[in-house]
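**Student:** Protein chains in written order, with our numbering: chain R, 3 to 248; chain A, 3 to 248; chain Z, 3 to 248; chain C, 3 to 248; chain S, 3 to 248; chain F, 3 to 248. Backbone N, C-alpha and C fix where the C-beta goes; we use that ideal spot for every residue, glycine too.
1. Return helix, strand or coil for residue 39(S), following the three-state DSSP convention.
2. If you reduce the DSSP assignment to three classes, tell me which class residue 152(R) lands in.
3. If we count the other Cβ atoms within 10 Å of its Cβ and call it buried at 16 or more, is residue 45(A) buried or exposed?
4. I think residue 1(Z) touches residue 117(Z), with their Cβ atoms under 8 Å apart; what is that distance to the nearest whole Å?
5. Give me the Cα-Cα distance between residue 127(A) and residue 230(R), rounded to the nearest whole angstrom.
6. Note down the Cα distance separating residue 276(S) from residue 66(S), rounded to an integer number of angstroms.
7. Look up residue 191(S) in the DSSP assignment and give the residues it is bridged to.
8. Does DSSP put residue 102(S) in a helix, a strand or coil?
9. Compute the Euclidean distance between the alpha carbons of residue 84(R) and residue 75(R), then round it to the nearest angstrom.
10. Which residues mark the beginning and the end of the alpha helix (DSSP H) in which residue 22(F) is found?
11. Mind checking residue 132(C): buried by the 16 CB within 10 Å criterion, or exposed?
12. Going by DSSP, what residue range makes up the beta strand (DSSP E) through residue 162(Z)?
13. First and last residue of the alpha helix (DSSP H) that includes residue 115(Z)?
14. Do the CB positions of residue 171(A) and residue 104(R) come within less than 8 Å of each other?
15. If you measure between the beta carbons of residue 101(A) and residue 64(A), is that distance less than 8 Å?
16. With a threshold of 7 Å on Cβ separation, who are the neighbours of residue 201(Z) within its own chain once the five nearest residues in sequence on each side are excluded?
17. Less than 8 Å between the beta carbons of residue 86(F) and residue 163(F), yes or no?
18. Could you check where the beta strand (DSSP E) with residue 63(S) kicks off and where it finishes?
19. In angstroms, rounded to a whole number, what distance separates the CA positions of residue 61(R) and residue 43(R)?
20. For residue 208(Z) and chain S, any beta-carbon pair shorter than 8 Å?
21. How would you list, in chain order, the residues of chain Z whose beta-carbon sits under 7 Å from the beta-carbon of residue 226(A)?
22. Which residue wins for smallest C-alpha separation from residue 198(S), given the options 180(S), 215(S), 209(S)?
23. Between the C-alpha atoms of residue 47(C) and residue 189(C), what's the straight-line distance to the nearest angstrom?
24. Does any residue of chain D bring its CB to less than 8 Å from the CB of residue 91(S)?
25. Helix, strand or coil: how does DSSP classify residue 197(C) here?
26. Could you please give me the residues that DSSP links to residue 172(C) through a beta bridge?
27. Pick out whichever of 113(C), 59(C), 68(C), 130(C) has its Cα sitting closest to the Cα of residue 97(C).
28. Would you mind telling me which residues of chain C sit closer than 8 Å to residue 153(A), beta carbon to beta carbon, in chain order?
29. Per DSSP, residue 110(R) is paired with what?
30. Looking at the secondary structure, which residues open and close the alpha helix (DSSP H) in which residue 2(R) lies?
31. When the cut-off is 8 Å and only beta carbons count, does residue 36(F) lie next to chain S?
32. I'd like to confirm the pairing. Which residues does DSSP put opposite residue 128(F) in its beta bridges?
33. Taking residue 226(A) as the reference, which of 90(Z), 114(Z), 178(Z), 50(Z) has the closest Cα?
34. Around the Cβ of residue 23(S), are there at least 16 other Cβ atoms within 10 angstroms (buried) or fewer (exposed)?
35. Chain C partners of residue 215(Z), CB-CB under 9 Å?
36. At a threshold of 7 Å, does residue 113(F) count as lining the ligand MG (C-beta to nearest heavy atom)?
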């Protein structure tokens, strides 16, 4: 049985991090599908930052349940130990804050000030299946943030932050603390932690091969023989790798 | 600040239970709205049982996240301590098992055999914002079950049961362990536990008054003076109560 | 140009009423399509009454906008001239109260007491693209009610009744005061008033012919020659009509 | 590679048919999941017939694309060779007509007269991810029909029947001509044809075992040892089978 | 009781206008929530203009119901007094045209030529919960327009403009003529008119404080003590205000 | 009866192509509505390319049904004659590949390498009611692509490419092989082939007139007399055309 908690707190190796930074979510998704995982994509989330497109980090999870009018009142934010504030101050370097907002978009998961604090703490990104507020601030922030859009409404109107670092669902994908989150223009995916190293390594291989194939296709080659590459094309590929030192 | 955990394990008083059994969810919802709570209704769930329409019980919560193909395989059900099985054997007399299935209807939250065991344990009902399987079995079961419909697919295909007795969202309503779940033909509502006794008492009053008003309207009276009752109608009501010993 | 207001207040002729009571919504929809109208069906609404399945009546419209917390408070119902109460006391014999609830199902459009009053006033039915409360009461009511389901929540939580007898949309179908609403097990349709008499007449013809065709098909006849009827079948039909005095 | 066309026209063996008639869709779905198939359920369809609940038959597929106003006019039904009419006259004994209606519910896939003809031809059922018209007729029909509900609007308003006996999607499940459709109160599933015989056989086994387990649970047994059965329970089961001759 | 019609025609004071131009919708939404209003945000609408991001103006409402094929024909646009044209010529300086399109996106609420006329009349913006056509024209228009996207289809295909300056719902938010509409990158909100002046004043205060807090957080300060500010931070804030003359 | 197959393979005349390249989808949609066609717009698709906004071409159709786990495995892509690959190598110069993906967005219809090959073959564009992968590649591609967004997941996870050049539905619009697809910032529309020439000619006329009207409105003219133009304005228009040689 796969353990889902073993690497909850440990950072990614530099090698794996670097490989994933060079791999598209499309490539990673194919590598996961080879391993029987067809549901790694957090559908419906898009990037708000204009400054940084690529995100790789370790999942730090936060769970929200629906708000209740007598509990979730504005005064709770006076408490520095409110779970939402505590979570923000717990996200560490290299982590991605992943928020289960139940796909509820009518109130924001968080705003620009908290996101700035998260960036200052060295986090690698933010992911929510809800919304963010102060979108113009997020656009300029040097921290990739993926969300289901913008809502100016403060999170208390719809959300009650309840606990952190438990397994959650985000956009109908399971996210266990310690899993690896990767984001780019196609969106966000979640790599189960125990597969991260081998997937990263195989992705690098696939990326180089596809760069070569794309070159070929751009030069007018038909799919037959080229995509997927037959033996003759693979031979050319080996030479191309040597030549380009890839 | 309202405590949301104080009565997690304690049963309802007989008085409150009886009052709620005689009160419609419509009446209870109005009483909650008077107290500022507008979001008590678990929209979209319907009753599967043909045998018993009314449900009153204390929430016992179960949380599911999305399944992952390498973890959620059929063999896990060989384990009697699998969280789903453990939860079934933990629901006690007077409790309602409330399942957070994220509104995911493509696989069932549970089937007829587990539901039968829950009934045998003396539970008061089952609520899920997902689906159930073996619907024909549920129709004959003497245990009110409210769900978003039927799906023959076993829960592992979409769900991973992860923990129990934590606060959850169900159909976008917050449910804290110990809250009071009430169901009838209009659906299911959740009463925050600290309000249950006073709400139950006021509901009984409202139910009797509305029975009287309905009689009047059925006899041809216009709304003016009758609904809401003016002073003269209220006087008649007092006599009616005496006469009918209500 | 077609007038949409000419017959706002006038009742249906007995002939038209009787013909529509004998015609299915399926037949009427085909007759409307012959006249270029493809959008007469109020999709998504179902019948709550167990007592009466067929509804024919003249539209009396009521419009709701979203509620606002500082205006739509429970105390407004103390006012007998509140627009919702006024509308109930304005619906006359033979009318169908048609409510534009914007498809918002999270709070009921009305409850059993008001519906009872509407029945007492001689109305022919109720249609809302929202929900109703006290569903068990509606099931026993001798007044066909079509809605998008049940919600125990009182209408003030989501709705503000704003005006009546203006043209509205209901389930994305235009309804002008005076139009003819027809309901059965397939749902509800709206016939523009100026077409009601001719459509009713042609429907009766079609219903008799289809009864004859169904008999033939039930006796094993293939579609060819029978549905639609060719000349020989039409001849048999004429004899059948004579024989059965249809 | 699995062939998806081999048994397109051949009927089910009596043994397989009988076994599937005794198996619930819940049981079959579990057997398919054991074989790696998690997407066999046509979500969102319900049974309209009150007369017959269980359906087993071989898929005969029909495909609809959206209608176009200048092609899909009422006069096309004058043509007995119109694809919809031709399909109805092609469905044979033991077949289930499966209609790809793209989930479009605003116009019916077919009505009561055509369904009656299909029944007369000996078909085993009708499945559409769209709607049907004349619902009251379908309720009385001795032919199980599963649909996404009722719509009185004739199919031309939204549908153009284009071809038959090609592979289709229905409710986001692939259906190849010759596949086996099974329906009950939980809904409809599709069994790939090459698996039908072995799945049917294993389902029968599972059904008998679950009948025994249910008896045990109803007599108060806890899940531990019973569900799934441990060795001791399995021994009791063997005796129970002998005693009851199952 | 709050009057919803008192200021229907009166313009905003310069002070209130200026304050709202400097306030984000996020800040305004929080101020409204402090006053018990949780439903001010018109979810799902985005800005089409590339030229101007901020919008503040007084609501001028327009209501559409579904189109009917025999009434809503292209020839109606020959009439300069058609309600849509009349509305365009009635929107005055400082107003925002707010269109209730029932969330129907399949046909545009209006196109670039009418929008240009609205701009020429001095309006402050356009808001619809439907779509616009000629999106490339809107992108270059110096008039903030918020919509649910683009559709090339002319409004008659789905919409019938019926009346103006009545209370409407737009994206499930109540909008009364005279209310104040504010838009930015987070979307559009509606401020009930009687609250506009006090909300504007309090927003200005909050904006300055949050600017200071953001500076602190960007300089590495933790949330504790800073957000919300404790006494010591508030003291620093007072000095900062003096220094920066805010 | 209109033939839907006559021009399946023939290219557009240069005159029609040029006219449509100068016509907006808004204008074309109005011309189609004049001819009774209200459903030409493929709602919900947006342009991914930053390089080229306008698309005109002849529909080459591709149909997908839902994937099945035992058939749609990664190894099928080893086959150069896999239907998806064959379709890519069949799309010719001037064609638009139109993919029926049933609106299923959870797996991509195709990726950047195949799209590059399609561009190399001289195609005019790609349209899918599903998603694409490698969005950053599509943004730089000199081939207009319209889709429902991005998904990194390879198409096999949800799609089985089944056949090509059959009539399909795409975004609930019928598309027959040979129809004319036009795209711009408002989205994509489909012109039935037999209407393409006359619609193109009338669009050109309308575009010039609207350019003139827009100039007038920008110069402050009211709608009355200008939009639509009265006789006096039409006279000015004739002079304007002469002067500007339009």
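**Tutor:** With the given structure in hand:
1. coil
2. strand
3. buried
4. Only positions 3 to 248 of chain Z appear in the structure, and residue 1(Z) is not among them; the question remains open.
5. 56 Å
6. Because chain S spans 3 through 248 in this model, residue 276(S) falls outside it and cannot be assessed.
7. 43(S), 184(S)
8. strand
9. 12 Å
10. 16 to 23
11. buried
12. 161 to 166
13. 114 to 122
14. yes
15. yes
16. 30, 33, 34, 193
17. yes
18. 57 to 68
19. 14 Å
20. no
21. 82
22. 180(S)
23. 6 Å
24. Absence of chain D from the displayed structure is noted, the protein chains being R, A, Z, C, S and F.
25. helix
26. 175(C)
27. 59(C)
28. 43, 45, 188, 189
29. 133(R)
30. No information on residue 2(R) is available, as it lies outside the stretch 3 to 248 that chain R covers here.
31. yes
32. 99(F), 147(F)
33. 90(Z)
34. exposed
35. 115
36. Ligands in the displayed structure: none, and consequently the ligand MG is not present.
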